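Using this note's numbering, read the sequence shown as starting at 186 and increasing by one per residue.
For glycine and all other residues, C-beta sits at the position ideal for the given N, C-alpha and C.
If you're wondering where the values come from, they're calculated on a predicted model, not measured in any experiment.
Since the structure comes first, as structure tokens, the remarks are kept for the end.
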Amino acid sequence: MQISDWYAIAKALHLIGMVSWMAGIFYLVRIMVYHAQSKEKAPEIRLVLQDQFTGMEWKAYKVIIQPAVVITWAAGSTMLFIQSAWLQQPWMHVKLTLLVLLTVYTHGLKDHVKKLEAGTSIRTHLFFRAWNEVPTIAMVGIIFLAVFKDRINFFTLFIGLILFVLLIGWGIWKVNRRSS
Numbered sequence: 186m187q188i189s190d191w192y193a194i195a196k197a198l199h200l201i202g203m204v205s206w207m208a209g210i211f212y213l214v215r216i217m218v219y220h221a222q223s224k225e226k227a228p229e230i231r232l233v234l235q236d237q238f239t240g241m242e243w244k245a246y247k248v249i250i251q252p253a254v255v256i257t258w259a260a261g262s263t264m265l266f267i268q269s270a271w272l273q274q275p276w277m278h279v280k281l282t283l284l285v286l287l288t289v290y291t292h293g294l295k296d297h298v299k300k301l302e303a304g305t306s307i308r309t310h311l312f313f314r315a316w317n318e319v320p321t322i323a324m325v326g327i328i329f330l331a332v333f334k335d336r337i338n339f340f341t342l343f344i345g346l347i348l349f350v351l352l353i354g355w356g357i358w359k360v361n362r363r364s365s
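Put into structure tokens, the structure is as follows:
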């Protein structure tokens, strides 16, 4: 096999890992929304629901998200090893920064699961609905950087992300206003 074949394999695994990672995050936080809403149920129903949601949350985190994070980082590191010149590029610095922030966000989800499991979480379902939009913002930036690389204007990307965040915030505000 040639080096280009190894790169193609790493790229495919990187994409598979990234899609699984994002799907896992969206699924996990959606379960957290339902878990937080279950606080409003009658005690006998609440206990059953919370046990069910806790099991689902841990499975999503341990079975989907953790392996996906490892695959994404391992395959991405392999790609960087093969294309090491990219480490000198500003777009890669921004992409890696977003990836580190997304990884920190992902590990923070574990703390939320622990607090929900222990019954000590003060977060509402509205918080988790909004919190579920954070990885979308990172994902949009990461994908644009990966596709356009050094052809991207960072100011335009920054303004675009701000507008995207405002649009998401407006949508969340509208949903919250309707449910109040």
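* To do: Give the DSSP-derived three-state secondary structure of K247 in the structure shown.
  => Three-state result, K247: helix.
* Any contact of the region 279-289 with the region 230-245, i.e. 3+ C-beta pairs under 8 Å? -> Touching, no, given that fewer than three Cβ pairs across the two stretches are closer than 8 Å.
* Near V319, which residues of its chain fall below 8 Å by C-beta distance, leaving aside the five closest residues on each side in sequence? -> Excluding its 5 nearest sequence neighbours in each direction, V319 has C-beta neighbours in its own chain below 8 Å: Y290, listed in chain order.
* Cα separation between A331 and P228? -> Their backbone Cα atoms lie some 48 Å apart in a straight line.
* **Alpha carbon of F340 to alpha carbon of V214, nearest angstrom** => Their backbone Cα atoms lie some 31 Å apart in a straight line.
* Asked: Three or more C-beta pairs closer than 8 Å, one from the region 203-217 and one from the region 240-255: is that the case here?
  -> Proximity of the region 203-217 to the region 240-255 meets the contact definition, three or more beta-carbon pairs being nearer than 8 Å.
* So, using beta-carbon positions, are G326 and L351 closer together than 8 Å? -> G326 places its beta carbon 8 Å or farther from that of L351.
* Considering only residues of the region 253-279, which uninterrupted beta strand (DSSP E) runs meet the minimum length of 3 residues and lie entirely inside it, listed in chain order? -> Complete beta strand (DSSP E) runs here, min 3: none at all.
* Just to confirm, are I337 and W276 a CB contact at a threshold of 8 Å? -> The answer is yes: Cβ separation under 8 Å.
* To do: Could you please give the first and the last residue of the uninterrupted alpha helix (DSSP H) stretch that includes T321?
  => Boundaries of the alpha helix (DSSP H) harbouring T321: V319 to F333, taken from the DSSP string.
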